[in-house]
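One rule links them: number in this note's numbering = place in the sequence shown (from 1) + 52. Each residue gets a CB set at the ideal place from its N, CA and C atoms; glycine is no exception. Working notes, beginning with the structure itself.
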Amino acid sequence: MRGGYVLRRLGVAGATIVAIVLFNFVLFRLMPGSPERILLRGVPNVSAERLEATRQRWGLNDPVLPIVIDDGGPRLALENQLFKYLAATVGGDLGFSFVARGQEVTDVLAQRLWPTLLLFGLGELVAIVLGLALGAYSGWRRGGPIDYLGNGVSLFLYATPYFLLGMVLLLLGAAVGLPTFGMLTAGAVYADVWARLGDLGAHLVLPLATVSLGLVGQYAIVMRSSIMETLSEDYVTTARAMGLPDGRILRAHALPNALLPTVSLIAINLGYVIAGAVTVEVVFNWPGLGTLTVDALTARDYPVLQGVFLLLSITVVLGNLVADLVYGLLDPRVRT
53 MRGGYVLRRL
63 GVAGATIVAI
73 VLFNFVLFRL
83 MPGSPERILL
93 RGVPNVSAER
103 LEATRQRWGL
113 NDPVLPIVID
123 DGGPRLALEN
133 QLFKYLAATV
143 GGDLGFSFVA
153 RGQEVTDVLA
163 QRLWPTLLLF
173 GLGELVAIVL
183 GLALGAYSGW
193 RRGGPIDYLG
203 NGVSLFLYAT
213 PYFLLGMVLL
223 LLGAAVGLPT
233 FGMLTAGAVY
243 ADVWARLGDL
253 GAHLVLPLAT
263 VSLGLVGQYA
273 IVMRSSIMET
283 LSEDYVTTAR
293 AMGLPDGRIL
303 RAHALPNALL
313 PTVSLIAINL
323 GYVIAGAVTV
333 EVVFNWPGLG
343 TLTVDALTAR
353 DYPVLQGVFL
363 LLSITVVLGN
373 LVADLVYGLL
383 DPRVRT
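Following this line, the structure appears as structure tokens:
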């Protein structure tokens with residue numbers, strides 16, 4: 053892969069991340085509400101002096117932007133909220149949670165990140181295996197009963213929203229006795245690590261099925277279309293004329309070329325799937341970034357919301373970057 057192509061992709065991703073950081077700063081300062089009052093909620097009879105002291109302590113009295121316009125005209129303010137925010141963000145300091153008093157936002161995100169990665173990482177793997185297999189077989193045997201059935205199921209799953217699919221599976225799971233909420237049984241005492249893993253696996257079944265089924269349809273549709281397009285290529289016709297077995301033609305000639313758009317889609321989804329965690333996690337009360345986002349919105353925990361927005365946005369950018377690099381590696385034409 054040429055260095056110029058990689059540098060261009062890295063430059064675009066870097067510029068996008070800078071824009072996200074700036075937008076993250078502006079967005080949450082335009083939201084209604086007073087940060088000092090949120091910090092002091094629950095404190096009875098808050099005086100004006102207490103509010104002012106809180107604003108002073110957290111730098112809320114500093115100018116928001118480095119350019120200040122007052123009666124004397126525009127002037128430069130080196131002590132401003134934007135510069136402090138940028139310096140803190142570069143240093144990995146995302147502030148403190150309003151709700152979890154004294155706990156850093158990075159710690160809150162770290163605690164909730166791995167359940168989301170576990171759920172959606174496994175969901176992606178299952179969806180990739182099932183989606184590619186179903187799409188490849190449907191495309192290879194196009195026009196047959198399995199193709200009609202597989203394509204119909206894929207379109208249905210692709211068109212079904214996550215939350216609706218999750219609610220249906222939740223009702224079915226409750227009917228057969230599967231755990232329907234949480235990551236582990238509350239208050240459970242485990243004899244060993246295997247008992248704990250077994251409980252985790254039981255709680256993982258329904259949300260994992262929701263994520264996997266929600267992605268299978270998309271991957272199967274794209275893979276089927278790619279296989280059907282590949283089968284019309286001259287090299288497949290030549291392979292058939294040479295008398296090669298169908299299985300070998302599929303594995304050695306059709307699949308490698310049909311994977312190009314599917315691999316790109318998978319890489320892009322690495323970011324968007326995690327960003328779409330809210331609905332699935334809320335349905336099953338899975339303790340990940342999705343439920344953290346809803347809790348922070350309800351409590352107006354702006355620092356946590358900023359951290360989640362920044363993390364998910366950067367994840368989407370990196371997913372697109374991976375997609376560009378992988379596609380450029382597999383298809384030299386995009387590097388010209």
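Considering only residues of the same chain and omitting the five flanking positions on each side of residue i, which have a CB-CB separation below 7 Å?
| i | result |
| --- | --- |
| G175 | L260, V263, S264, L267 |
| V288 | T282, I301, H305, A306 |
| L184 | Y271, M275, T314 |
| V157 | L146, G147, F148, S149, P355, V356, G359 |
| L252 | M235, L236 |
| V151 | A351, D353 |
| I180 | Y271, I318 |
| L311 | none |
| F215 | T331, V335 |
DSSP three-state label for residue i, please.
| i | result |
| --- | --- |
| E156 | strand |
| N148 | A quick correction: the sequence has Phe, not Asn, at residue 148. Strand. |
| M83 | coil |
| F233 | coil |
| S365 | helix |
| A67 | helix |
| N337 | coil |
| L201 | helix |
| G111 | coil |
| S206 | helix |
| P96 | coil |
| Y214 | helix |
| N321 | helix |
| R61 | helix |
| G239 | coil |
| V142 | helix |
| D244 | coil |
| E102 | First, the amino acid is wrong: residue 102 is Arg here, not Glu. Helix. |
Within 10 Å of its beta-carbon, does residue i have 16 or more other beta-carbons around it, so buried, or fewer, so exposed?
| i | result |
| --- | --- |
| R164 | buried |
| L362 | buried |
| D286 | exposed |
| A208 | Note that residue 208 corresponds to Phe in the displayed sequence, not to Ala. Under this definition F208 is an exposed residue. |
| E101 | exposed |
| T343 | buried |
| D376 | buried |
| S365 | buried |
| V142 | exposed |
| S278 | buried |
| L161 | buried |
| L217 | buried |
| G187 | buried |
| W246 | exposed |
| P96 | exposed |
| V70 | exposed |
| W192 | buried |
Cutting at 6 Å between CB atoms, please list the residues of its own chain near residue i, excluding the five before and the five after it.
| i | result |
| --- | --- |
| A291 | I301, H305 |
| L182 | V268 |
| S206 | G269, A272, I273 |
| L317 | V274 |
| Q133 | D114, V116 |
| N321 | none |
| T403 | Missing from the structure shown is residue 403; the chain here goes from 53 to 388 and no further. |
| T68 | V369 |
| F80 | Y354, Q358 |
By Cβ distance below 8 Å, which residues in the same chain neighbour residue i in space, the five residues on each side in sequence not counted?
| i | result |
| --- | --- |
| V140 | Going by the sequence as given, residue 140 is Ala instead of Val. Only L146, G147 meet the Cβ criterion. |
| V378 | V315, S316, A319 |
Open item on the list: Three or more C-beta pairs under 8 Å: does that hold for the stretch 236-243 against the stretch 275-290?
Closed with: Segments in contact, no.
- [ ] Taking 8 Å as the threshold, find out whether the stretch 334-348 comes into contact with the stretch 224-237 through three or more Cβ pairs.
- [x] yes
Open item on the list: Please give me, in chain order, every unbroken run of the alpha helix (DSSP H) with length at least 4 that falls completely inside the stretch 155-193.
Closed with: 157-192
Open item on the list: Could you tell me which whole alpha helix (DSSP H) segments of length 4 or greater appear in the stretch 257-316?
Closed with: 286-293, 298-301
Task: Touching by the beta-carbon criterion (3+ pairs, under 8 Å), the stretch 363-380 and the stretch 60-70 - done: yes
- [ ] Flag this pair as touching only if the stretch 139-151 and the stretch 346-364 have three or more C-beta atom pairs under 8 Å; answer yes or no.
- [x] The stretch 139-151 is in contact with the stretch 346-364.
TODO: Evaluate contact between the stretch 217-226 and the stretch 245-261, counting only Cβ atoms and requiring at least three cross-stretch pairs below 8 Å.
DONE: yes
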